[in-house]
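Here the sequence shown is numbered in my numbering, starting from 1 and rising by one per residue.
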Amino acid sequence: MRPRYDVLSIFPEYLQPLELSLIGKARKSGLLSLTVTDLRDFTTDRHRTVDDTPYGGGAGMVMKPEPWAQALESVLEARGDADVVDEPPAEGEERHDSRPLLVVPSPAGNVFTQRTAEAFAQERHIVFACGRYEGIDERVLDWAGERFRVMPVSLGDYVLNGGEVAVMAMVEATARLLPGVIGNPESLVEESHSDGLLEYPVYTKPAVWRDRAVPDVLLSGNHAVIARARRDWQIERTARRRPDLIEALDESDLNARDRSV
Ligand SMILES: COc1cc(COC(=O)c2cn[nH]c2)cc(-c2cccnc2)c1
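See below:
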């Protein structure tokens, strides 16, 4: 599967870092396609206006609906299935929803986690809509629901000026899970959150650096003992920094840790 990612933004140049490094290489080698489109290309007035004052008053501006609808329709046409109608499901089968995913970074979204990235990595086509100002006219998300699976997504409990930074983070977190993007897929297995825990501390040469030695266990060559020590460090680090994650830890792991201490 060659996933296709579309990004709609009034600051397309903001997404240029996605042309660099591993994601850039993956795009060049055809592992994924990523197209960034300027929302202003879908305005019709001389000033290429994308925002207007909010109904009901309040500070700031709201993104006008029509440019978004035109841009989203254009993305579907480019994909070649603007009017795709899903085949009726076979007897007893789940209806297959071939609509692309429309991800809208927003402080009011569902929280993006590693599980979300894993789900996104299974998607054939994701459209990322970068909101600016106070947000996008809500009717756009309602209208888009006929042609997309619409998903407001938050990176965390803070407010950015626009969705571009959030999209870069989500595209990177997703694309790195695609086959062939990361040189050594082994490195994906033991990283933070892949097993529900934070990752263990890492060390490299020299063995003693500014009077600080690498933990002896890592120099022992005993892989079972090293694996146990690393698991313990993961549990301790997670309990200290992210107690909210620790509940998810399987009871047997905690018991095993107590026995090994
Ligand atoms: C689509 O509507 C949006 C999108 C964004 C950009 O995304 C984030 O800020 C974000 C994404 N994950 N966590 C935060 C910001 C606003 C916004 C700005 C100012 C006041 N109120 C709302 C609105």
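Even glycine gets a Cβ: it sits at the ideal position worked out from N, Cα and C.
Bridge partners - residue i, DSSP secondary structure assignment
| i | result |
| --- | --- |
| H193 | H193 pairs with nothing; no bridge assigned. |
| T44 | Per DSSP, none; premise fails for T44. |
| S21 | DSSP lists no partner for S21. |
| N110 | V153 |
| A129 | L8 |
| M61 | Answer is none; M61 lacks a bridge partner. |
| D51 | M63 |
Beta-carbon proximity of residue i to residue j, cut-off 9 angstroms
| i | j | result |
| --- | --- | --- |
| Y14 | M63 | no |
| A144 | A69 | yes |
| L178 | P3 | yes |
| T35 | V7 | yes |
| R149 | P100 | yes |
| Y203 | R231 | no |
| S154 | G109 | yes |
| S9 | E172 | no |
| A166 | F112 | yes |
Backbone CA spacing between residue i and residue j [nearest angstrom]
| i | j | result |
| --- | --- | --- |
| E190 | D51 | 45 angstroms |
| L141 | S220 | 57 angstroms |
| P206 | A239 | 29 angstroms |
| V261 | D195 | The pLDDT assigned to V261 is 39, lower than 50, so where the model puts this residue is not dependable, and the model offers no usable value. |
| D258 | N222 | Bear in mind that a pLDDT of 47 at D258, under 50, signals an unreliable position, so the number given afterwards is only what the model happens to contain. Each residue's alpha carbon lies about 20 angstroms from the other. |
| E66 | H47 | 15 angstroms |
| H193 | A175 | 16 angstroms |
Ligand 1 heavy atom lying under 8 angstroms from the CB of residue i
| i | result |
| --- | --- |
| V103 | no |
| E186 | no |
| L160 | yes |
| S154 | yes |
| S106 | yes |
| G276 | The question about residue 276 has no answer, for the chain in this structure spans 1 to 261. |
| G145 | no |
| G60 | yes |
| A166 | yes |
Go through the segment 148-212 residue by residue and report every complete run of the alpha helix (DSSP H) that reaches 4 residues or more, in order.
-> 164-175 and 186-189
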